[in-house]
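K.L.:
I'd like to ask you about the structure that follows.
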């Protein structure tokens, strides 16, 4: 995203702010335990978790590492790990 | 044509000649006569502008910011506590790159309450992203309004600016002043062309949220714009000189600096007193000179270093106090920085706070202190009170 003078932006440009850079812990999922119940996709405040084609994906451009998905997962399939670098 | 005019009324005339489309301000001593006069001009149909009366300075500058964002040329004026109440918006105007011009009739800050002159108010906002011009007399501060608009609105600048002048000493003084005609100013200052503006047909937000990934780059860009503002002020100041015979291509003015042993650095009306004191000192064989700072932001460090090259002692006269710093004055710190490595001794002298008079004898006494290497101090304290 190129900077625009005066921090000006057209509507709908909020996704340009990739809030994932705030993250300290990142989620990982154990697909052996996952039941595809969808709780994580609903609980994520950033709607950064999706369950498509049998796979749980975390959109790390916007995942802030809050851990709500891991906390809410009934199967305890999601773990938060310290993200180095 | 020269006319005898009160400083505030000359500023109001200058503002009018710049054809602002929106004026919003809140009256505060000693700025009041400026905005009263502008309100009269709007009421009498002399100035075709929206004059918005508001409840506070915070609202006044907020109205100005919105109006500027909508594409209007905007003017305001304030002093002291009023500027402090605006402070949150002051920084936002600069970050949103809106070329608003605001007159500052310099006044001390409370507490204790004072309506009298020093320069603490505008100097305290030196890091806000507004360029700052200081006038020595009514003519200079009048001319600086035309220059300020022309520089601010350039698309390689797009920054707001303060035109500062000492409250009462200049705002309430009657002096002969040459007010250009509307035709002349129209030829000098073309209508404002916004870089971008609020428009319902092409929606835009300004001053958006920037994450840690972007914020620093915005600040960097604003700093680059401030550096370009220096060139712009110089160029449009030169152009002003070509049209009106009063040249403002320099950010500083040197007075009797040839072979000076001691040089004063100062901003604003005190420079007149300093020049008279220098004439006396030169007649008595004391080689003194003055470097007057006209553009304080962006700080003309190179120009100042050039003007002061080879002078052994520099005395910076400060109508401000940077509480808790070793030099005590705001400007001295920056002059000293500009002279790093030259071996020149730079001293600050805090004078004239809260309207205390500064006389020729005080200037001479400060020159003697600088010669002895005594400085970074208050000058003229009433020790019997302490």
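Chains as they are written, first to last, in the working numbering: chain Y, 146 to 230; chain U, 1345 to 1730.
The C-beta atom is built at its ideal place from N, Cα and C for all residues, glycine as well.
Nothing here was measured: the structure is a model prediction, and the numbers come from that model.
#1: State the DSSP-derived secondary structure class of residue 1636 of chain U, mapped to helix, strand or coil.
#2: Give the residues from the segment 1499 to 1513 of chain U that approach chain Y closer than 7 Å (Cβ to any Cβ), ordered along the chain.
#3: Restricting to runs no shorter than 4 residues, where is the alpha helix (DSSP H) found entirely within the segment 1458 to 1538 of chain U?
#4: Is residue 1556 of chain U helix, strand or coil when you go by DSSP?
#5: Establish whether the CB of residue 210 of chain Y and some CB of chain U are separated by less than 8 Å.
#6: So, under 8 Å CB-CB, residue 1501 of chain U and residue 1488 of chain U are touching, yes? Tell me the CB distance rounded to an integer number of Å.
#7: Thinking C-alpha only, which one of U/1453, U/1418 and U/1410 is nearest residue 1436 of chain U?
#8: For residue 1432 of chain U, tell me which candidate among U/1406, U/1546, U/1606 and U/1357 has the shortest Cα-Cα distance.
#9: Mind checking whether residue 1689 of chain U and residue 1658 of chain U have CB atoms under 8 Å apart?
#10: Can you list, in chain order, the residues of its chain whose CB lies under 6 Å from that of residue 1412 of chain U, leaving out five sequence neighbours each side?
#11: Does the CB of residue 156 of chain Y have a neighbour CB from chain U at under 8 Å?
#12: Decide if residue 1518 of chain U is buried, meaning its Cβ has at least 16 other Cβ atoms within 10 Å, or exposed.
#13: Nearest CA to the CA of residue 1423 of chain U: which residue from U/1483, U/1604, U/1396 and U/1377?
#14: Taking the DSSP output, what are the residues bridged to residue 1450 of chain U?
#15: Closer than 7 Å by C-beta to residue 1604 of chain U: which residues in its own chain qualify, once you throw out the five before and the five after it? Chain order, please.
#16: Measure from the alpha carbon of residue 1513 of chain U to the alpha carbon of each residue in U/1702, U/1569 and U/1710, then state which is nearest.
#17: Return helix, strand or coil for residue 1302 of chain U, following the three-state DSSP convention.
#18: Please classify residue 184 of chain Y: does DSSP put it in a helix, a strand, or coil?
#19: Are residue 1599 of chain U and residue 1476 of chain U closer than 8 Å when you measure CB to CB?
#20: Please list the partners that residue 205 of chain Y has in chain U, where partner means a Cβ-to-Cβ separation under 7 Å.
#21: Going along the segment 148 to 177 of chain Y in order, which residues come within less than 7 Å of chain U, judged by CB to CB distance?
#22: Report the three-state DSSP secondary structure of residue 172 of chain Y (helix, strand or coil).
#23: Determine, for residue 1551 of chain U, whether the minimum Cβ-Cβ distance to residues of chain Y falls below 8 Å.
#24: Beta-carbon of residue 1562 of chain U versus every beta-carbon of chain Y: anything under 8 Å?
#25: Assign residue 214 of chain Y to buried or exposed, taking buried as 16 or more other Cβ atoms, counted over all protein chains shown, within 10 Å of its Cβ.
#26: Please state whether DSSP places residue 197 of chain Y in a helix, a strand or coil.
#27: Hey, residue 1635 of chain U and residue 1652 of chain U: beta-carbon distance below 8 Å or not?
#28: Straight-line CA distance for residue 1334 of chain U to residue 1706 of chain U?
#29: Alpha helix (DSSP H) containing residue 217 of chain Y: first to last residue?
#30: Quick one: list the residues of chain Y neighbouring residue 1539 of chain U, beta-carbon separation under 8 Å, in chain order.
#31: Considering only the alpha carbon of each residue, which of U/1484, U/1446 and U/1345 lies closest to residue 1581 of chain U?
#32: Give the C-beta separation of residue 1503 of chain U and residue 1569 of chain U to the nearest angstrom, bearing in mind that I take them to be a contact with Cβ-Cβ under 8 Å.
#33: So what's residue 1563 of chain U in DSSP terms, helix, strand or just coil?
#34: Run through DSSP, which three-state label would residue 1440 of chain U get?
#35: If the criterion is Cβ atoms closer than 8 Å, does the pair residue 223 of chain Y and residue 185 of chain Y meet it?
#36: Just curious, the alpha helix (DSSP H) that residue 1625 of chain U is in, first and last residue?
P.N.:
Short version:
#1: By one-based count along the second chain, residue 1636 of chain U stands at place 292. Under the three-state reduction of DSSP output, residue 1636 of chain U falls in the strand class.
#2: If the cut-off is 7 Å between Cβ atoms, the segment 1499 to 1513 of chain U has 1502 near chain Y.
#3: Counting only runs of 4 or more, we get 1464 to 1468, 1482 to 1496 and 1526 to 1532.
#4: As a position in the second chain, residue 1556 of chain U is number 212, starting the count at 1. If DSSP states are grouped into helix, strand and coil, residue 1556 of chain U belongs with coil.
#5: Here the question's residue 210 of chain Y lines up with position 65 in the first chain. Among the CB atoms of chain U, none fall inside 8 Å of the CB of residue 210 of chain Y.
#6: Taking the first residue of the second chain as 1, we reach residue 1501 of chain U at position 157. Taking the first residue of the second chain as 1, we reach residue 1488 of chain U at position 144. Residue 1488 of chain U and residue 1501 of chain U do not touch by the CB rule: their CB atoms are close to 15 Å apart, not below 8 Å.
#7: Locating residue 1436 of chain U in the second chain gives position 92, counting from the first residue. Of U/1453, U/1418 and U/1410, the smallest CA-CA separation from residue 1436 of chain U is found for U/1410.
#8: As a first step, residue 1432 of chain U is located in the second chain; it is residue number 88 there, counting from the start. It is U/1406 whose Cα lies nearest to the Cα of residue 1432 of chain U.
#9: As a position in the second chain, residue 1689 of chain U is number 345, starting the count at 1. As a position in the second chain, residue 1658 of chain U is number 314, starting the count at 1. Note that the C-beta distance between residue 1689 of chain U and residue 1658 of chain U is below 8 Å.
#10: Residue numbering aside, residue 1412 of chain U sits at position 68 when the second chain is read from its first letter. Answer for residue 1412 of chain U: 1418, 1442 and 1444, listed in chain order.
#11: Locating residue 156 of chain Y in the first chain gives position 11, where the first residue counts as 1. Yes, its Cβ sits closer than 8 Å to a Cβ of chain U.
#12: As a position in the second chain, residue 1518 of chain U is number 174, starting the count at 1. Counting Cβ neighbours within 10 Å, residue 1518 of chain U comes out exposed, since fewer than 16 surround it.
#13: Taking the second chain and counting its residues from 1, the one referred to as residue 1423 of chain U is at position 79. It is U/1377.
#14: Counted from its first residue, the second chain places residue 1450 of chain U at position 106. Answer by DSSP bridge pairing, in chain order: U/1510.
#15: To locate residue 1604 of chain U, count along the second chain from 1; it is residue 260. Here the set comprises 1631, 1632, 1633 and 1655.
#16: Start at 1 with the first residue of the second chain, and residue 1513 of chain U comes out as number 169. Comparing Cα-Cα distances from residue 1513 of chain U to each of U/1702, U/1569 and U/1710, the minimum goes to U/1702.
#17: Since the first residue shown for chain U is 1345 and the last is 1730, residue 1302 of chain U is missing from the structure and cannot be characterised.
#18: Here the question's residue 184 of chain Y lines up with position 39 in the first chain. Shown here, residue 184 of chain Y sits in a helix according to DSSP, grouped into three states.
#19: In the second chain, the residue the question calls residue 1599 of chain U occupies position 255. In the second chain, the residue the question calls residue 1476 of chain U occupies position 132. Inclusion of residue 1599 of chain U and residue 1476 of chain U in the CB contact set at 8 Å is not warranted, their separation being larger than that value.
#20: Residue 205 of chain Y sits at position 60 when you count from the first residue of the first chain. Chain U residues near residue 205 of chain Y: none, gap ~14 Å exceeds 7 Å.
#21: So the close ones are 148, 150, 151, 152, 153, 154, 155, 156, 162, 163, 164 and 166.
#22: In the first chain, residue 172 of chain Y corresponds to position 27, counting from 1. In the structure shown, residue 172 of chain Y sits in a strand (DSSP, three-state: E or B).
#23: Here residue 1551 of chain U corresponds to residue number 207 of the second chain, with the count starting at 1. Cβ-Cβ to chain Y under 8 Å: yes for residue 1551 of chain U.
#24: Within the second chain, numbered from 1, the residue matching residue 1562 of chain U stands at position 218. A Cβ of chain Y is located within less than 8 Å of the beta carbon of residue 1562 of chain U.
#25: Walking along the first chain from the start, residue 214 of chain Y turns up at place 69. So residue 214 of chain Y ends up on the buried side.
#26: In the first chain, counting from the first residue as 1, residue 197 of chain Y sits at position 52. Looking at residue 197 of chain Y - three-state DSSP - the assignment turns out to be strand.
#27: By 1-based counting over the second chain, the position of residue 1635 of chain U is 291. By 1-based counting over the second chain, the position of residue 1652 of chain U is 308. For the 8 Å CB-CB criterion, residue 1635 of chain U and residue 1652 of chain U form a contact.
#28: Past the edges of chain U, shown from 1345 to 1730, lies residue 1334 of chain U, and the structure says nothing about it.
#29: The residue you call residue 217 of chain Y lines up with position 72 of the first chain. Per DSSP, the continuous alpha helix (DSSP H) segment holding residue 217 of chain Y begins and ends at 213 to 217.
#30: If you number the second chain from 1, residue 1539 of chain U lands on position 195. Correct list: 150 and 151.
#31: Along the second chain, one-based indexing puts residue 1581 of chain U at 237. Closest option to residue 1581 of chain U, Cα to Cα, is U/1484.
#32: As a position in the second chain, residue 1503 of chain U is number 159, starting the count at 1. As a position in the second chain, residue 1569 of chain U is number 225, starting the count at 1. With 8 Å as the limit, residue 1503 of chain U and residue 1569 of chain U qualify as a contact, their Cβ atoms being about 5 Å apart.
#33: Your numbering for residue 1563 of chain U matches position 219 in the second chain. In the structure shown, residue 1563 of chain U sits in a helix (DSSP, three-state: H, G or I).
#34: Indexing the second chain from 1 puts residue 1440 of chain U at position 96. Three-state result, residue 1440 of chain U: coil.
#35: Start at 1 with the first residue of the first chain, and residue 223 of chain Y comes out as number 78. Start at 1 with the first residue of the first chain, and residue 185 of chain Y comes out as number 40. Cβ atoms of residue 223 of chain Y and residue 185 of chain Y: closer than 8 Å.
#36: Locating residue 1625 of chain U in the second chain gives position 281, counting from the first residue. 1614 to 1627 is the extent of the alpha helix (DSSP H) around residue 1625 of chain U.
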